[in-house]
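The opening residue of the sequence shown carries number 0 in numbering that gives the first Met the number 0; numbering runs sequentially from there. Heads up, the beta-carbon is just placed ideally off N, CA and C, and yes, glycines get one too. Below: one structure, written as structure tokens.
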Amino acid sequence: MGCGSSTLVESNIPPKYPKNSQQQQQQQQLQQQAPSKAALDKSTLVRYVEIEKEINRLEAMNVVQHLQMKWEELKSLEDDIRRLTAIFQSCQEQALKEKKDVDNMQEPSVRAFFADQNSFDARLSKEQEEFIAALNKQEVAQKELEEASSQRESAKVVVKELHMQAEELQKLYKEQDQILATIFDSKYGSDQEYRLEREHDVTCEKQQRISAAKARWQAARLLVQHAHSQLGYAVQRWDYICRIPAVNSQMRYGIATEVRNYLIAASTNLRNSQGYLKGIDFPYCKTDEVSTLERATNNIYGDMATTERHQHAMNVFRSTFQRSHALLQWFDVVIDKTIDRDLRMAIEELFAKKRELRIERVRLIREKLVELFGAEEAAAAGLDEDGNLTDARRLQEQLSKVNEEELKKQLENVKIVQPEKVQQSKEQEAAVEAAAAAADGDSKSADADEKAPKVEAVPLKELAPPPSEDQLFGDIDSIKKQYEIDMEEFQRAQDVNRARVEQGLQEKLAARKSRKARKMAQQEQTEKLLEESASA
Numbered sequence: 000m001g002c003g004s005s006t007l008v009e010s011n012i013p014p015k016y017p018k019n020s021q022q023q024q025q026q027q028q029l030q031q032q033a034p035s036k037a038a039l040d041k042s043t044l045v046r047y048v049e050i051e052k053e054i055n056r057l058e059a060m061n062v063v064q065h066l067q068m069k070w071e072e073l074k075s076l077e078d079d080i081r082r083l084t085a086i087f088q089s090c091q092e093q094a095l096k097e098k099k100d101v102d103n104m105q106e107p108s109v110r111a112f113f114a115d116q117n118s119f120d121a122r123l124s125k126e127q128e129e130f131i132a133a134l135n136k137q138e139v140a141q142k143e144l145e146e147a148s149s150q151r152e153s154a155k156v157v158v159k160e161l162h163m164q165a166e167e168l169q170k171l172y173k174e175q176d177q178i179l180a181t182i183f184d185s186k187y188g189s190d191q192e193y194r195l196e197r198e199h200d201v202t203c204e205k206q207q208r209i210s211a212a213k214a215r216w217q218a219a220r221l222l223v224q225h226a227h228s229q230l231g232y233a234v235q236r237w238d239y240i241c242r243i244p245a246v247n248s249q250m251r252y253g254i255a256t257e258v259r260n261y262l263i264a265a266s267t268n269l270r271n272s273q274g275y276l277k278g279i280d281f282p283y284c285k286t287d288e289v290s291t292l293e294r295a296t297n298n299i300y301g302d303m304a305t306t307e308r309h310q311h312a313m314n315v316f317r318s319t320f321q322r323s324h325a326l327l328q329w330f331d332v333v334i335d336k337t338i339d340r341d342l343r344m345a346i347e348e349l350f351a352k353k354r355e356l357r358i359e360r361v362r363l364i365r366e367k368l369v370e371l372f373g374a375e376e377a378a379a380a381g382l383d384e385d386g387n388l389t390d391a392r393r394l395q396e397q398l399s400k401v402n403e404e405e406l407k408k409q410l411e412n413v414k415i416v417q418p419e420k421v422q423q424s425k426e427q428e429a430a431v432e433a434a435a436a437a438a439d440g441d442s443k444s445a446d447a448d449e450k451a452p453k454v455e456a457v458p459l460k461e462l463a464p465p466p467s468e469d470q471l472f473g474d475i476d477s478i479k480k481q482y483e484i485d486m487e488e489f490q491r492a493q494d495v496n497r498a499r500v501e502q503g504l505q506e507k508l509a510a511r512k513s514r515k516a517r518k519m520a521q522q523e524q525t526e527k528l529l530e531e532s533a534s535a
């Protein structure tokens with residue numbers, strides 16, 4: 000039917016009515032549910048095929064998993080905005096305090112405390128430096144808050160679109176269940192259909208989990224790639240700043256601001272990449288390393304004052320740049336060697352199971368058609384005419400392309416933080432470009448990638464090991480265990496039913512339960528997700 004799981008066996012609840020009355024009631028229900036020629040006409044079969052194709056398409060798009068991923072991102076952004084708002088307000092208060100300290104220094108009563116002008120100038124310079132640092136922290140906090148707010152609005156748009164697609168998928172599952180229930184008298188057509196459906200659900204959920212993991216890892220890698228490029232440019236510009244004479248303070252501050260903006264973008268992209276992979280410990284550019292980078296960014300104007308402080312900041316910037324390159328290598332190994340390999344195997348397994356399930360259902364439907372209309376009408380029903388459904392390889396290629404296109408679309412929805420441009424006059428821009436070109440030994444301008452310093456790749460044998468399968472995809476073994484439990488319960492129910500048949504009691508083979516939440520083990524989780532995402 001679709002991805003998910005359900006419990007087949009009904010609990011042994013004592014009958015609410017006397018036995019004979021209950022048997023009559025069950026018999027009436029079976030008669031009402033039995034398919035008729037009117038219920039099982041050509042249009043019903045056409046609609047069934049249409050539903051099957053649309054379900055295949057939406058499952059290939061992995062809309063429920065992507066909705067879950069984007070909804071978690073949106074909730075995380077809400078938390079970030081609350082945190083950043085508090086930080087920004089604190090920075091505002093600190094900046095006001097530092098401004099007040101600078102203003103107080105100008106009071107005659109304060110000046111009188113200092114023995115000479117040099118002592119006063121040194122203290123005033125210190126207070127002004129602290130004020131500039133506080134203003135910088137305030138600006139950094141404001142930029143991070145504005146960026147998070149922008150990301151939240153973009154995420155809301157994506158959540159709304161995915162919500163509509165996931166809701167449509169649930170409706171299609173329900174309609175498919177209703178048609179099959181009509182055809183098979185609210186039963187499963189055979190033991191084999193039930194087994195194949197459960198096996199299909201297991202393989203489908205496994206494939207969708209791995210596909211969702213790939214989407215998360217690709218999104219995180221894209222952010223790390225941009226952060227790496229931004230860090231490289233910041234390192235190059237920070238290296239150049241020490242060659243500008245101290246008297247040219249306007250140019251120095253302009254470049255320092257440019258470096259600061261690139262570092263803000265890089266650290267935000269690194270943090271956002273970690274947000275896509277909760278539960279994964281990054282071996283490089285860890286959370287504490289990003290915090291160190293952010294502290295260095297906050298002190299950037301003070302760090303350009305002396306050679307020693309400039310070099311200390313450079314060590315932080317260059318180390319983070321080099322480790323971001325190692326992180327990119329690690330991402331490539333995890334995606335190429337583990338996720339892609341497991342995804343290929345999961346896709347092969349899924350489409351083999353889709354084919355088996357469809358063959359069994361077509362066989363069962365054809366038997367019903369023969370029973371109602373005769374062999375000639377059954378042969379003309381056209382259940383096997385659509386090559387997009389009957390040709391397993393063709394179906395796999397078609398839906399794999401849909402999956403790849405959806406992954407590409409998800410990457411386009413990733414919000415990449417770009418550095419804010421520093422506003423300078425044309426004369427200042429020309430001077431900076433000329434000085435940078437002279438320092439680079441190149442008269443042509445270059446983007447961040449081209450100006451990034453070179454970095455040595457980490458040998459593969461020294462690269463950090465990849466995460467475990469459970470860390471990458473969740474507890475996939477639990478899906479298999481639930482399948483085994485379901486099949487054991489099903490077999491016990493079948494044994495009980497056969498014993499009752501021998502005693503002359505006719506019972507249903509198994510109630511066909513609508514599993515609206517194909518992605519999750521319980522339908523309430525998907526319905527809750529849809530309700531929550533609707534609020535966005």
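Length of the line joining the Cα atoms of alanine 180 and glutamate 347: 29 Å
Contact under 9 Å by Cβ, valine 289 with serine 266: It is a contact, given that the beta carbons lie within the stated cut-off.
Local conformation of isoleucine 415 per DSSP, three classes: coil
C-beta atoms of asparagine 271 and valine 63 nearer than 9 Å: no
Helix, strand or coil at glutamate 166 according to DSSP, with G and I counted as helix: helix
Local Cβ density within 10 Å of valine 156, reported as buried at 16 or more and exposed below that: exposed
Residue range of the unbroken alpha helix (DSSP H) whose run includes aspartate 238: 190-240
Proximity to glycine 301 [Cα-Cα], best of Met60, Ile334 and Ala255: Ala255
Beta-carbon proximity list for aspartate 441, same chain, < 6 Å, skipping 5 on both sides: Summary for aspartate 441: the model assigns pLDDT 45, below 50, so the residue's position carries little reliability, and this model does not support an answer.
Same chain only: Cβ atoms within 8 Å of glutamine 127, ignoring 5 sequence neighbours per side: Val101
Contacts around valine 557, its chain only, beta-carbon distance under 7 Å, and the 5 residues preceding and following it disregarded: Not covered by the structure: residue 557. The range shown for the chain is 0 to 535.
Alanine 285 versus glutamine 141: straight-line alpha-carbon distance, rounded: Inspection of the sequence shows that residue 285 is occupied by lysine rather than by alanine. Taking the straight line from one Cα to the other gives about 24 Å.
Under the three-state DSSP convention, the category aspartate 572 falls into: Residue 572 lies beyond the stretch modelled for the chain, which goes from 0 to 535, so this question has no answer here.
Limits of the unbroken alpha helix (DSSP H) element including leucine 356: 339-372
Residue interval of the alpha helix (DSSP H) (run including glycine 253): 248-275
Pair within 9 Å by beta-carbon distance, glutamine 206 and leucine 66: Not in contact: glutamine 206 and leucine 66 (Cβ atoms no closer than 9 Å).
Which of helix, strand or coil DSSP assigns to serine 185: coil
For valine 258 and isoleucine 299, believed in contact at Cβ under 8 Å, the rounded distance: 6 Å
9 Å Cβ cutoff met for lysine 159 and glutamine 93: Not in contact: lysine 159 and glutamine 93 (Cβ atoms no closer than 9 Å).
Three CB pairs or more closer than 8 Å across the region 213-221 and the region 405-415: yes
Whole-angstrom C-beta distance between methionine 303 and histidine 309, which should lie under 8 Å: Cβ-Cβ separation between histidine 309 and methionine 303: approximately 6 Å, consistent with a contact (criterion under 8 Å).
Residue interval of the alpha helix (DSSP H) (run including threonine 319): 306-332
Short Cβ contact (9 Å threshold) for alanine 226 with serine 323: yes
Residue span of the alpha helix (DSSP H) that contains serine 42, given as start and end: Serine 42: member of the alpha helix (DSSP H) spanning 41-60, first to last residue.
Beta-carbon proximity list for isoleucine 279, same chain, < 7 Å, skipping 5 on both sides: Pro466 and Gln470
Supposed contact pair tyrosine 283 and tryptophan 329 - C-beta distance, whole angstroms, cut 8 Å: 7 Å
Any 3 or more C-beta pairs closer than 8 Å across the region 40-52 and the region 164-179: yes
Buried or exposed by the 16-neighbour rule on C-beta atoms within 10 Å, applied to lysine 460: exposed
Reference threonine 548; option with closest CA among Leu144, Ile364, Glu198 and Gln321: It is not possible to answer for residue 548, since the shown part of the chain is limited to 0 through 535.
Whole-angstrom distance between methionine 344 and glutamate 419, CA atom to CA atom: 44 Å
Range of the contiguous alpha helix (DSSP H) that encloses valine 289: 286-297
For leucine 462, the first and last residue of its enclosing alpha helix (DSSP H): No alpha helix (DSSP H) holds leucine 462; DSSP gives it neither H nor E.
Cβ-Cβ distance between glutamate 359 and serine 185 below 9 Å: no
Three-way DSSP call (helix, strand, coil) for tyrosine 283 in this model: coil
Helix, strand or coil at valine 139 according to DSSP, with G and I counted as helix: helix
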